[in-house]
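Each residue of the sequence shown is one higher than the one before, starting from 0 at the first, in numbering that gives the first Met the number 0.
We put the CB at the ideal spot given by N, CA and C, even for glycine.
As structure tokens, the structure follows; a few thoughts come after it.
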Amino acid sequence: MARAFDVSRRAGYVSFCRNETGRLLAMLAATRGGVMAEFGTGCGVGTAWLRSGVRGAAHILTAELDEKLAGAAAEIFVDDPQVEVLAADWSTLGSKGPFSLLFLDSGDPGSVGVDQIADLVEPGGIVVLDDFVPCEMWPPITYGRVDTLREQWLTDERFTAVEVMVASDASAVVATRR
Ligand SMILES: C[S@@+](CC[C@H](N)C(=O)[O-])C[C@H]1O[C@@H](n2cnc3c(N)ncnc32)[C@H](O)[C@@H]1O
């Protein structure tokens, strides 16, 4: 974790998951085997949280579109054969699934919907989307608009999903593939 935060600081990059979400990721990673994936590595903070929970020989693949960020994140895991950082669009990971866990940000990379992801996750596999603003209404409203991404994830019949508040101002959707 310290190496990931150092790399982020040097890059002046602040767009990474919150510690509360990180702990959720680590806990879930500890229940997984096989191959996990992250869409949008940033500087590798979320990856490091996932890695901290991994037991045994499970692998993490993470894709980052920005080559500089991907390079910086790759440095963190240069000695770690269980983590692979790819400088690539997340869609290039599609052929490497199905994944036991998939982590992505709800806003970046760009509102990836359930249809694009459902078949990339193994039965019983878990998807985590972070960076939602908690909302007690249904349908969920964010900044005056229906949050259709969250609505979709919470109602899709291919997943059993829940919104979890990780802090008073932040929530994540956790969805298990049926
Ligand atoms: C919020 S940051 C990721 C933070 C990281 N998951 C963490 O928790 O530390 C989102 C990242 O997604 C990357 N991104 C955007 N579109 C992408 C795409 N199509 N494929 C891969 N990465 C993408 C952005 O460059 C950005 O670094």
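Exposure label - residue i; buried when at least 16 CB within 10 Å
{"i": "M35", "result": "buried"}
{"i": "S167", "result": "exposed"}
{"i": "W48", "result": "buried"}
{"i": "T159", "result": "exposed"}
{"i": "V77", "result": "exposed"}
{"i": "E135", "result": "exposed"}
{"i": "R8", "result": "exposed"}
{"i": "A139", "result": "First, the residue type needs correcting, since residue 139 is Pro and not Ala in the sequence shown. Buried is the call here."}
{"i": "R177", "result": "exposed"}
Endpoints, beta strand (DSSP E) assigned at residue i
{"i": "M0", "result": "Neither: M0 is in no beta strand (DSSP E) and is coded neither H nor E."}
{"i": "T159", "result": "F158 to A166"}
{"i": "T175", "result": "A169 to R176"}
{"i": "L68", "result": "Note, L68: premise wrong, no beta strand (DSSP E); alpha helix (DSSP H) at E66 to I75."}
Residues bridged to residue i [DSSP beta-bridge criterion]
{"i": "T141", "result": "R144"}
{"i": "L100", "result": "M35 and I125"}
{"i": "A86", "result": "E63"}
{"i": "F131", "result": "S170"}
{"i": "V120", "result": "F98"}
Beta-carbon proximity of residue i to residue j, cut-off 8 Å
{"i": "A1", "j": "T40", "result": "no"}
{"i": "A62", "j": "G43", "result": "no"}
{"i": "A56", "j": "R31", "result": "no"}
{"i": "L60", "j": "K95", "result": "yes"}
{"i": "V161", "j": "E19", "result": "no"}
{"i": "L24", "j": "F102", "result": "yes"}
{"i": "G33", "j": "S90", "result": "no"}
{"i": "G52", "j": "A28", "result": "yes"}
{"i": "D79", "j": "V113", "result": "no"}
{"i": "V6", "j": "R50", "result": "no"}
{"i": "I75", "j": "A3", "result": "yes"}
{"i": "V111", "j": "F15", "result": "no"}
Delimiting residues of the alpha helix (DSSP H) encompassing residue i
{"i": "D114", "result": "V113 to I116"}
{"i": "A28", "result": "N18 to A28"}
{"i": "T61", "result": "Element bounds for T61: not the alpha helix (DSSP H) but the beta strand (DSSP E), H58 to E63."}
{"i": "S51", "result": "V44 to G52"}
Inter-stretch contact at 8 Å, needing at least 3 Cβ pairs: the segment 123-136 / the segment 77-93: no
Validate contact between the segment 161-176 and the segment 142-152 using beta carbons, cut 8 Å, 3 pairs: Using a C-beta cut-off of 8 Å, the segment 161-176 makes contact with the segment 142-152, since at least three inter-stretch Cβ pairs fall below that distance.
Touch test, the segment 137-144 against the segment 111-122, Cβ-Cβ under 8 Å, three pairs minimum: no
Cβ pair count under 8 Å reaching 3, the segment 126-138 against the segment 88-107: yes
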